[in-house]
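K.L.:
Mapping to full-length UniProt numbering: the sequence shown position 407 is 407, numbers consecutive.
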Amino acid sequence: FTLLDDRLPAAARAAMVRRTEATVWLGDGGHAPEGVYVPSASADGGRPARPARRARGADVAYVLFTSGSTGQPKGTVIEGDALRRFAAAVSERLELTSRDRWLQVASLGFDVLIEEVLPALTAGAAVCCRANTHALDAEELHSTMVLTGTTVVELSTQYWLEYAHWLDTSGLTTPAELRMVVPGGERMDPRPYREWQARHPAPLAHVYGLTECTVSSTFYTGLLPALAEEVPLGTPLRDVEISVRPDGRPVSDGETGEIHIGGPLLARGFLNDEAATALRFVPDPAAGPGARLYATGDLGRIDTDGQLVGLGRTDDLVKIRGHRLHPGPVERALCEAPGVDQAVVFPDPETGTVLWAFFTPAGPGTAPPAGEAVRLTGAERDALVAPLEARLPDWAVPRVLYRVSVLPKNLHGKIDKRRLATPPAASPQSATPLPSGGALGPDPGEPLRTVLGLFREVLSAPELGADDNFFDT
């Protein structure tokens, strides 16, 4: 089978059906592409059917398409044995029993849905399907968990942050029956993680995994130490092998390298794409003939407690004025500044010579209207930049900062940097007007206006003001 999100364009869904050579469509027949059979379903009619043959462990269980953030979505082929082992391992790690009730909230095209359903059913637990077809906001999520008696729920990192913020502002805590919250999908800021553990009775299980390794590979269920700078990704599930390799060879604990995942939960490969499969699924000579590792593209290290710690993406590495930089430490420093809740940074998409930062404010009533990005200037900007300058090198300090009401998310609930790269405040139509009169002393006249216009054009900085620092820009 494959899972198709009905929020995708019809052409994209049809292309995925063609690539998988699917012949049967289960869902709204009005959305089905031509050439597939759409059976009518009745919960009360019909007789149990015997499958034509018993499935084998090496048979394909499902094909799931990645988000395609770096190109055409790839179809990942997962075999039945990997799926069976995965469901048993998650059920074991989260100690699921027949008394559990797991709320299904992930979108239909996201492999987290598989984690919400199969481990629960493996343990004899109930899967609570929400009645709403739209994404639940934090309040709806809370009331649905109360109504269904949910004991386990898995949320994307951003969704979990929204729910945690709603609980804090509402003066509420997690429902009494809720015994486990599983956040994951993006880098986790340790501050809200610690705050949750101090305020709410439901423990956290930070999860890490990739579609190519059958959904999830590690879980972290411990109490976060007070001085921890990162929330660990945790320890591997049964049948999962984790190693950190900077150049193909394993390193000692504490050293940084690319995270590699091995074991029987690896995908067969990418659908009809031998070149991409060979690039990411690499041989593991130390484990014997035929053994493979998946090169995740994630950076990490294994700490002294044996916990895997994530340190960003290898492809997140950027260059700012000749310096190599991972955005994670900059984002963490910005989140620790007064008045900042969440933050994301990336190079100026036009020139790549300075860092842009987008953040949501921590205090009530300080967020701009939805859809607007307010650029910080003057004393307000200086106050936020000053603590960053005290702990980061000059070239790593964001010089263009925007306050937003919310960081936009993609279909899978992850921050969508592509939408942030063109904020309303950065368009030429909203260029900062040149102050007149007393703001610059005597009226500078036409020469300064001409020079400022040239700087704006050459530096691709339409919002540049006459009092901005050239080197910051």
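Beta carbons are placed, not taken as given, at the ideal position from N, Cα and C, and that holds for glycine.
Please name the residue or residues paired with residue 258 in a DSSP beta bridge.
P.N.:
Note: residue 258 sits in a beta bridge opposite 245, 299.
K.L.:
Of the choices 120, 103, 172, 134, whose alpha-carbon is the least far from that of residue 147?
P.N.:
It is 103.
K.L.:
What does residue 2 pair with, by DSSP beta-bridge criteria?
P.N.:
None; residue 2 has no bridge partner.
K.L.:
Report the residue ranges of all beta strand (DSSP E) runs contained in full by the region 170-216; include only those spanning at least 3 residues, in chain order.
P.N.:
You should have 180-184, 206-208.
K.L.:
Judging by CA-CA distance, which residue of 446, 180, 404, 399 is the nearest neighbour of residue 470?
P.N.:
Measuring from the Cα of residue 470, the nearest candidate turns out to be 399.
K.L.:
Residue 345 to residue 354, Cα distance in whole Å?
P.N.:
Residue 345 and residue 354: Cα-Cα distance of roughly 10 Å.
K.L.:
By the three-class DSSP mapping on this structure, what secondary structure does residue 475 have?
P.N.:
Residue 475 cannot be examined here, being either before or after the span of the chain that is shown, 1 to 473.
K.L.:
Contact check, residue 284 vs residue 292 under 8 Å by CB: the rounded distance?
P.N.:
Their Cβ separation, rounded to whole angstroms, is 6 Å, which keeps residue 284 and residue 292 in contact under 8 Å.
K.L.:
Counting only the same chain and skipping the five closest in sequence on each side, list residues whose C-beta sits under 6 Å from that of residue 456.
P.N.:
Answer for residue 456: 462, 464, listed in chain order.
K.L.:
Under 7 Å Cβ to Cβ from residue 385, same chain only, skipping five residues before and after it: list those, please.
P.N.:
Cβ neighbours of residue 385 beyond the five flanking positions: 397.
K.L.:
Where residue 405 and residue 394 are concerned, what is the direct C-alpha to C-alpha distance, given to the nearest angstrom?
P.N.:
The alpha-carbon atoms of residue 405 and residue 394 are separated by roughly 27 Å.
K.L.:
Taking only the alpha-carbon atoms, compute the straight-line gap between residue 430 and residue 362 and give it to the nearest angstrom.
P.N.:
Annotation note: pLDDT 37 at residue 430 (below 50); position unreliable, coordinate value reported separately. Between residue 430 and residue 362, the C-alpha separation is close to 26 Å.
K.L.:
Can you give me the start and stop residues for the beta strand (DSSP E) that residue 154 sits inside?
P.N.:
Segment 152-156, the beta strand (DSSP E) holding residue 154.
K.L.:
What number of angstroms, rounded off, separates the C-alpha of residue 250 from the C-alpha of residue 315?
P.N.:
Computed Cα separation, rounded: 20 Å.
K.L.:
If you follow the alpha helix (DSSP H) that residue 532 is in, where does it begin and where does it stop?
P.N.:
Since the first and last residues shown for the chain are 1 and 473, residue 532 lies out of range.
K.L.:
Taking just the CA atoms, how far does residue 276 sit from residue 256?
P.N.:
The straight-line gap from Cα to Cα measures roughly 25 Å.
K.L.:
Is it true that the region 156-163 meets the region 117-131, where meeting means three or more beta-carbon pairs spaced less than 8 Å apart?
P.N.:
No: fewer than three Cβ pairs fall under 8 Å.
K.L.:
Under 7 Å Cβ to Cβ from residue 392, same chain only, skipping five residues before and after it: list those, please.
P.N.:
Same-chain partners within the cutoff: 330, 333.
K.L.:
CB-CB under 6 Å to residue 78, same chain, minus the five flanking residues each way: which ones, in chain order?
P.N.:
Hits under 6 Å: 61, 62, 214, 267.
K.L.:
Which of helix, strand or coil does DSSP assign to residue 79?
P.N.:
It is a strand residue.
K.L.:
Quick check on DSSP: helix, strand or coil for residue 113?
P.N.:
Three-state result, residue 113: helix.
K.L.:
So, at 7 Å on beta carbons, what are the nonlocal neighbours of residue 307 in its own chain, with the 5 sequence-adjacent residues on each side left out?
P.N.:
Counting only Cβ-Cβ distances below 7 Å, and skipping sequence neighbours, we find 220, 232, 234, 235.
K.L.:
Indicate, with yes or no, if the ligand GTP has a heavy atom lying under 7 Å from the CB of residue 230.
P.N.:
What this structure holds is no ligand at all, so the ligand GTP is not there to describe.
K.L.:
In the DSSP assignment, the beta strand (DSSP E) including residue 18 goes from what residue to what residue?
P.N.:
Run containing residue 18: none in the beta strand (DSSP E); it sits in the alpha helix (DSSP H), 10-20.
K.L.:
My assumption, with CB atoms under 8 Å, is that residue 260 sits in contact with residue 238. Please give the rounded CB distance.
P.N.:
Contact doesn't hold; Cβ gap of about 18 Å is too wide.
K.L.:
Hey, quick one: how far does the beta strand (DSSP E) through residue 251 stretch, first residue to last?
P.N.:
Looking at the DSSP string, residue 251 is not in any beta strand (DSSP E), and its letter there is neither H nor E.
K.L.:
Starting from residue 468, trace the beta strand (DSSP E) in both directions and tell me its first and last residue.
P.N.:
Per DSSP, residue 468 belongs to no beta strand (DSSP E) and is neither H nor E.
K.L.:
Which residue wins for smallest C-alpha separation from residue 309, given the options 229, 18, 122?
P.N.:
Residue 309 has its Cα closest to that of 229, out of 229, 18, 122.
K.L.:
DSSP state of residue 74, grouped into three classes?
P.N.:
Note: residue 74 maps to coil in three-state DSSP.
K.L.:
Give the straight-line distance between the Cα atoms of residue 282 and residue 320, rounded to the nearest whole angstrom.
P.N.:
Their backbone Cα atoms lie some 31 Å apart in a straight line.
K.L.:
Which residue marks the beginning of the beta strand (DSSP E) containing residue 273, and which one marks its end?
P.N.:
Run containing residue 273: none; DSSP gives neither H nor E here.
K.L.:
Can you tell me which residues form a DSSP beta bridge with residue 129?
P.N.:
Beta-bridge pairing links residue 129 to 104.
K.L.:
Who are residue 343's beta bridge partners in DSSP?
P.N.:
Answer is 359, bridged to residue 343.
K.L.:
In the DSSP assignment, the beta strand (DSSP E) including residue 378 goes from what residue to what residue?
P.N.:
Note, residue 378: premise wrong, no beta strand (DSSP E); alpha helix (DSSP H) at 378-389.
K.L.:
Check the DSSP bridge columns for residue 373 and list the partner residues they point to.
P.N.:
404, per the DSSP bridge assignment.
K.L.:
Taking just the CA atoms, how far does residue 37 sit from residue 373?
P.N.:
About 47 Å.
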